[in-house]
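Residue numbers for the sequence shown follow my numbering, so the first one is 200 and each next one is one higher.
Contents: one structure, followed by commentary.
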Amino acid sequence: MIKIGILNLQGDVQEHIEATEKAVGKMDISAQIFKVETASDVSKCQGIIISGGESTVIGKLIKEEGIDQTIREHNIAVLGTCAGMIILGKKTDYQQPLMGLIDMQVKRNGFGRQKLSFEEEVEIFGEKFPGIFIRAPYASEVGNNTEILARIKDKIVAVREGKCIATAFHPELTEDTLIHEYFIKEVLNCVE
Ligand code: GLN
């Protein structure tokens, strides 16, 4: 049985629980999906999701809890969406705690302010996915081992490095479970 933790520090946690449950149901696998708050909770999981929200707040709590260290020490796949993408990066244009699990520089609020939030179709994994962008970041630079999964308006909006995936958009706010299913496949690879 795989265990997927949704980091319950701040942000749209419940939506990720529902999207993950739906994806698991479609894939017909058995998984336990639950909220996690501490490094000890995280160490029991093979997959962790970091939701959208406020990256400064979530990043600070992750550091305080030592959650980034725990992820490094265990075989855990990570999906970071929006604020989660920012936190997974190595550098941003702002002074804030980051995990550095994906070699990329991220531009926060890269498409403008809250009122400039928008929806746009994203081509990813050979399919069209409804991208919801809310004060979304983009990756302004990526390292050699970082795979670019999607771009819109010439900007990088989804990446992967090893078992860490990041999207600038919010897959948990759509009915389409493509991204969560892809992530769950990565989680299955982490099961010994
Ligand atoms: N702009 C936010 C931040 O920097 C992220 C927005 C979001 O997650 N919807 O944290």
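Virtual Cβ for every residue (Gly too), placed ideally from N, Cα, C.
Which first and last residues belong to the alpha helix (DSSP H) in which residue i is found?
i    : result
A222 : 212 to 226
G258 : 254 to 264
Might you give, ordered along the chain, the residues of its own chain that have their beta carbon closer than 8 angstroms to the beta carbon of residue i, omitting 5 neighbours on each side?
i    : result
A335 : C281, N308, G309, F310, S316, V356, A367, F368
G293 : Rather than Gly, the amino acid found at residue 293 in this sequence is Tyr. Cβ neighbours of Y293 beyond the five flanking positions: T255, R307.
E253 : Q209, G210, A282
Starting from residue i, trace the beta strand (DSSP E) in both directions and tell me its first and last residue.
i    : result
L287 : Not the beta strand (DSSP E): L287 falls in the alpha helix (DSSP H), residues 282 to 287.
A367 : Where A367 is concerned, there is no enclosing beta strand (DSSP E), given that its DSSP letter is neither H nor E.
R359 : 354 to 360
F310 : Where F310 is concerned, there is no enclosing beta strand (DSSP E), given that its DSSP letter is neither H nor E.
E371 : Unbroken run through E371: none, as it is neither H nor E.
A338 : 337 to 341
M303 : 303 to 306
Look up residue i in the DSSP assignment and say whether it is helix, strand or coil.
i    : result
F328 : strand
V390 : coil
Y293 : coil
S242 : helix
L348 : strand
L157 : Not covered by the structure: residue 157. The range shown for the chain is 200 to 391.
E236 : coil
L315 : helix
I323 : strand
I249 : strand
Rounded C-beta distance between residue i and residue j? I'm assuming under 8 angstroms.
i    : j    : result
V277 : L300 : 6 angstroms
I248 : I201 : That belief does not hold up - the Cβ atoms of I248 and I201 are roughly 13 angstroms apart, past 8 angstroms.
L297 : S250 : No, L297 and S250 are not in contact; Cβ-Cβ is about 16 angstroms, not under 8 angstroms.
Excluding the 5 residues flanking residue i on each side, which residues of the same chain have their C-beta closer than 7 angstroms to its C-beta?
i    : result
A218 : P370, E371, T376, H379
Going along the chain, which residues of its own chain have a beta-carbon closer than 6 angstroms to the beta-carbon of residue i, five neighbours each way excluded?
i    : result
E340 : Q304
I261 : D267
Point to revise | Nearest-residue set for ligand 2, Cβ under 6 angstroms from any heavy atom | key: The model on display carries ligand 1 but not ligand 2.
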